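With the numbering used here, the residue at position 124 of the sequence shown is 113, and numbering never jumps. Quick notes on the structure that follows.
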Amino acid sequence: MIIPLKVTSFLFSLLHSLTRLEERSYLCRVSRAQEILKSVGLSKTETRIGLVNLFLQSTSALSLQAIESSLEKLDRITLYRNLRTFESKGLIHKAVDGTTHPKYALCDAHCAEHNHQDNHPHFHCRKCQKTVCLEEVQTPSLSALPKGYSLEDTNLILSGTCPDCS
Ligand SMILES: [Zn+2]
Ligand SMILES: [Zn+2]
Ligand SMILES: [Zn+2]
């Protein structure tokens, strides 16, 4: 098949602008990551920027394995330490999904240092194993607990099939 030169050059310029767009959105995310770190008073190390960037990019909660495979240069101790710091700063929360793999997701603006407000359920897809925050759904609050119980945490886990898999 012979593609006319005009079409070829059009395709090239399209490809070029797409690459530029991709670059720009990457830069946007990096500066957003820097902003987020600054807002919680954390220094902007390369690792932290990389981590926040990864969370910004991801549409589902990230397992430790997923983070490790995306940020290859990162050693496990540094990763755990940073995740703990992020969690205590109100930046990320554990997306409890009933599986044995802990997953993390970005918090919304209502969370603050040592004060998480993530009262949304997490949906675990049994087909693709992804877990997502259902931020638009409010976890129902329990009206009363039997005497002697004090509540610290409520996790509502929903499981089934996600829109991508159904
Ligand atoms: Zn939170
Ligand atoms: Zn799915
Ligand atoms: Zn969540």
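We put the beta carbon where it would ideally sit given N, CA and C, even for glycine. Nothing here was measured: the structure is a model prediction, and the numbers come from that model.
Residue range of the alpha helix (DSSP H) that includes residue i
i: Leu40; result: Glu35 to Gln46
i: Leu145; result: Taken as a continuous stretch (DSSP letters only), Leu145 belongs to no alpha helix (DSSP H), as it is neither H nor E.
i: Thr67; result: Arg65 to Ser77
i: Ser58; result: Leu53 to Ser59
Beta strand (DSSP E) segment containing residue i, residue limits
i: Leu95; result: Lys92 to Leu95
i: Thr120; result: Thr120 to Cys122
i: His111; result: His111 to Cys114
Contact under 8 Å by Cβ, residue i with residue j
i: Thr67; j: Leu31; result: no
i: Arg115; j: Gly79; result: no
i: Phe44; j: Leu53; result: no
Inter-residue Cα distance where the pair is residue i and residue j
i: Thr128; j: Leu63; result: 35 Å
i: Arg13; j: Glu124; result: 28 Å
i: Ser155; j: Lys136; result: 43 Å
Sequence-distant residues of the same chain with beta carbon closer than 7 Å to residue i, five excluded per side
i: Leu145; result: Pro110 and Thr128
i: Asn42; result: Arg18, Val19 and Ala22
i: Ser130; result: none
Buried versus exposed call for residue i [16 or more other C-beta atoms within 10 Å across all chains shown]
i: Val121; result: buried
i: Val(-4); result: exposed
Neighbourhood of residue i by C-beta distance below 8 Å, restricted to the same chain and skipping five residues each side
i: Asn71; result: Thr36, Arg37 and Leu40
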